[in-house]
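To keep things clear, I will list the structure first and then write my remarks on it.
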Amino acid sequence: MHFRQYQKYALRLSSGLLWLYLFAVVAIAGITAAITALLTSLYLEIHDGVSIAMHPTVFKVVFIIILAMVAVAAWIRLRQLSHGGHVVATALGGKQVSRKQARLSERRLLNVVEEIAIASGMHIPRVYILPDMSLNAFAAGMDQRDAVIGITRGAVDAFNRSELQGVIAHEFSHILNGDMRRNMQLCGGLYGLQMLSSLGRFFINVDFLIFRRNLLTMILGGFLLVLGFTGSLVAGWIQAAISRQREFLADASAVQFTRHSEGLASALCKVAVAPTHRLNSPHASEYAHFMFAGLDKADIFDRLAATHPDIYERIQRLSPSHARRWRHKIRKAKENRADFVYLPYSTFSFSNQNGYSDMAEQTHPNEHQGRLLAENIRRFDTHAETDKAQLLQFNPKHWLSAEGDSERLTITLSALLTPTALAETEHIWSTRFPLRTAFYQRLQQHPLPQPLHRPLLMHLLPSVAALPPEEQQSLQNELSHFAGLNGLDAPAALLWLETAAWLKWFAEPESNPQETQEHNSQTILAALAQWTGEAGRLNTLGIKGLPQILHTLQTYPEHKRTELLAKCRLILAAGGNSDWAEAAENVVALYGRT
Numbered sequence: 001m002h003f004r005q006y007q008k009y010a011l012r013l014s015s016g017l018l019w020l021y022l023f024a025v026v027a028i029a030g031i032t033a034a035i036t037a038l039l040t041s042l043y044l045e046i047h048d049g050v051s052i053a054m055h056p057t058v059f060k061v062v063f064i065i066i067l068a069m070v071a072v073a074a075w076i077r078l079r080q081l082s083h084g085g086h087v088v089a090t091a092l093g094g095k096q097v098s099r100k101q102a103r104l105s106e107r108r109l110l111n112v113v114e115e116i117a118i119a120s121g122m123h124i125p126r127v128y129i130l131p132d133m134s135l136n137a138f139a140a141g142m143d144q145r146d147a148v149i150g151i152t153r154g155a156v157d158a159f160n161r162s163e164l165q166g167v168i169a170h171e172f173s174h175i176l177n178g179d180m181r182r183n184m185q186l187c188g189g190l191y192g193l194q195m196l197s198s199l200g201r202f203f204i205n206v207d208f209l210i211f212r213r214n215l216l217t218m219i220l221g222g223f224l225l226v227l228g229f230t231g232s233l234v235a236g237w238i239q240a241a242i243s244r245q246r247e248f249l250a251d252a253s254a255v256q257f258t259r260h261s262e263g264l265a266s267a268l269c270k271v272a273v274a275p276t277h278r279l280n281s282p283h284a285s286e287y288a289h290f291m292f293a294g295l296d297k298a299d300i301f302d303r304l305a306a307t308h309p310d311i312y313e314r315i316q317r318l319s320p321s322h323a324r325r326w327r328h329k330i331r332k333a334k335e336n337r338a339d340f341v342y343l344p345y346s347t348f349s350f351s352n353q354n355g356y357s358d359m360a361e362q363t364h365p366n367e368h369q370g371r372l373l374a375e376n377i378r379r380f381d382t383h384a385e386t387d388k389a390q391l392l393q394f395n396p397k398h399w400l401s402a403e404g405d406s407e408r409l410t411i412t413l414s415a416l417l418t419p420t421a422l423a424e425t426e427h428i429w430s431t432r433f434p435l436r437t438a439f440y441q442r443l444q445q446h447p448l449p450q451p452l453h454r455p456l457l458m459h460l461l462p463s464v465a466a467l468p469p470e471e472q473q474s475l476q477n478e479l480s481h482f483a484g485l486n487g488l489d490a491p492a493a494l495l496w497l498e499t500a501a502w503l504k505w506f507a508e509p510e511s512n513p514q515e516t517q518e519h520n521s522q523t524i525l526a527a528l529a530q531w532t533g534e535a536g537r538l539n540t541l542g543i544k545g546l547p548q549i550l551h552t553l554q555t556y557p558e559h560k561r562t563e564l565l566a567k568c569r570l571i572l573a574a575g576g577n578s579d580w581a582e583a584a585e586n587v588v589a590l591y592g593r594t
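For the sequence shown, UniProt numbering assigns the number 1 to the initial residue and increments by one for each residue that follows.
Here it is, written out as structure tokens:
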């Protein structure tokens, strides 16, 4: 994607449209004021018998009053919006997310927001989640200090991490480009013109005191109604044109932050094939231009009134190859919209509108696996509670932030298990994965004491178990790659074997008939003897093979397993290091649990 070229073009075009918008607002307000002043003078001439020439100030006074009304209405609306981005977020039904009370998917969202904020050199904005299953997000606020990021529950659950990064980077681009302030100013001008229509309806319906309804007041009301509507329509079209160009600009800037266009393109594709773009809020249309994606199919004036460019065009600018691949899917989705909503990670089911709130309360489908693993660790590990208390007392918040986030879990576990290999990879990440590099550098700035390595690992493993299967597999592949580069030293090998045992990084063994049990027993003892002989280090073969070999312990009857574990203890004790031998015995026993 030639994002710099698109940035320059969008900036130039949106600047011209902004001046056109200001001219349109002033022109419509001026025409309305002129007609109102003329009719007012005519009213005085007819009823008082005085020539308009006798009241030269009437025209000027009414002209100024009308312009002042538009300006005051715009100013009031702008003041309402300038109280902070939280005004927009709460108007749309959003609730702020705090890390202490966040679910796993929400922690991942907070991590992404934090990473993009650091990459862009901004303060971390507050994050709001809208209880809506459509796929959308927005940024609001007058400046960086009161900026907020809002995102729908559907987007949090449907987007994977790469897609979420692209969407959040897009919203940060709006903040940095000043689009939030501009959007709120445009809202104020549009609201001022809409007040003319309200004033017109007042004159048409008024029937009291000096403003008794008559032909002239009705004509005046009609003019105000028509001009207010026309002005709002034209100004809205120009505002939509500005918004479309700023969307292109934000897309290009998002790629500049993440160095990765595929995530944003994939998120746009999910939005394009989603069943509806409508946000379920009475204020949705008012804040349509704040959104990541258009709220619904545009009306009869679609090209003029659309606040967002065509999604396919946005994808095409980001990644022409993906656009060609997804063209049929997007076209088919437009033709066959159905009443379904996204479930976490792109799975979906049919549902009616009333099911949205219920679905929003559902937890991630794998979260129960994480809870189950946490219970098993507490039940098996006699030091679990002590380790947890020790970890929470030290409170390594940067390391703990990996919970629920596959990207940070990969980096954190790699830092625990394979620090040397990870350090060698940092220079590659710095160009291809700048957000990864930023988080890894923060971990380096806040080193974790060695005694806390295992407690932290045990604390994070349930989060790994709660990840979707494809993300778990990706994490396992990356960790295996890092581990295989230089092998694992004795402490890291123990942690690796524990991790493999709890996360089941092995194939389920076949049944172990009597005639093969003796052979398998010799294999287990030989593997442990080799491990002990290498002072607890694991080479590339042992990293993959030893967990699989140890897992066959589960195929033995209990009395046979007890005998075999006793032989294992003797081999491990022969290594001469009693502390290591005790830890290794616990790890081997972990594989023999039922």
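C-beta atoms are modelled at their ideal positions from N, C-alpha and C, and glycine is treated no differently. Fair warning: this is a prediction, and the values are worked out from it, not measured in the lab.
Leaving aside the five residues that flank N486 on each side, the residues in its chain whose CB is nearer than 6 Å to its CB run, in chain order, T420, A421. The three-state reading of DSSP puts G150 in strand, counting E and B together. With a minimum length of 3 residues, the unbroken runs of beta strand (DSSP E) contained wholly in the stretch 112-183 fall at 126-130, 137-140, 148-152. Look at K504 here: in three-state DSSP terms it is coil, with no helix or strand label. For P449, no alpha helix (DSSP H) segment is defined, and its DSSP state is neither H nor E. The stretch 231-247 makes no contact with the stretch 146-161: fewer than 3 CB pairs, one atom from each, lie closer than 8 Å. Shown here for A501: same chain residues with a beta carbon closer than 6 Å to its own, the five before and five after excluded, namely L590, Y591 in chain order. Judged by DSSP in its simplified three-state form, L279 adopts coil rather than helix or strand. Contact between A24 and V167 does not hold, since the beta-carbon distance rounds to 32 Å and is not under 8 Å. Between N111 and S406, the C-beta spacing is not below 8 Å.
A residue is called buried once 16 or more other Cβ atoms fall within 10 Å of its Cβ, and A306 is buried on that count.
A check of alpha carbon separations from M458 across Y440, H383, L227 identifies H383 as the nearest. By the Cβ rule, the stretch 468-488 does not count as touching the stretch 561-568, because fewer than three pairs are nearer than 8 Å.
Within the DSSP bridge table, the entry for Q96 names Y128 as partners. One Cα belongs to H446, the other to E403, and the distance between them is close to 17 Å.
Between A574 and T532 a beta carbon distance of about 6 Å is seen, short of the 8 Å cut, so the two are scored as contacting. Closest in C-alpha terms to N183, from the list G231, M291, S98, comes M291. Here W505 is near Q476, since their CB atoms are less than 8 Å apart. Between L572 and A566, the beta carbon gap of about 11 Å keeps them out of contact (Cβ cut-off 8 Å).
Between V88 and Y312, the gap from beta carbon to beta carbon reaches 8 Å or more.
In the DSSP assignment, M291 is bridged to F138. A direct Cα-to-Cα measurement between C568 and R259 gives close to 50 Å. Looking at the backbone, the Cα of L104 and that of E163 are separated by about 17 Å.
Contact check for G150 against G94 passes: the beta carbons are separated by less than 8 Å. Annotated three-state conformation of L590 is helix, per DSSP. In the same chain as L268, and ignoring 5 residues on each side of it, the C-beta atoms closer than 8 Å to its own belong to A293, I311, R314, I315, L318, in chain order. Taking all protein chains in view, the Cβ of D579 is surrounded by fewer than 16 other Cβ atoms within 10 Å, so the residue is classified as exposed. In the three-state scheme derived from DSSP, where H, G and I count as helix and E and B as strand, L467 is classed as coil. Close CB contacts of R324 within its chain, under the 8 Å cut and outside five residues either way in sequence, are absent. The beta carbon of E106 is closer than 6 Å to those of V97 in its chain, skipping five residues each way along the sequence. The beta carbons of K270 and L135 sit about 6 Å from each other, so the pair counts as a contact at 8 Å.
L488 is bridged by DSSP to L538.
DSSP places D387 inside the alpha helix (DSSP H), whose first and last residues are 384-394.
In the three-state reduction of the DSSP assignment, S406 falls in the helix class, which pools H, G and I. Pairing R379 with R371, the inter-Cα distance amounts to about 12 Å.
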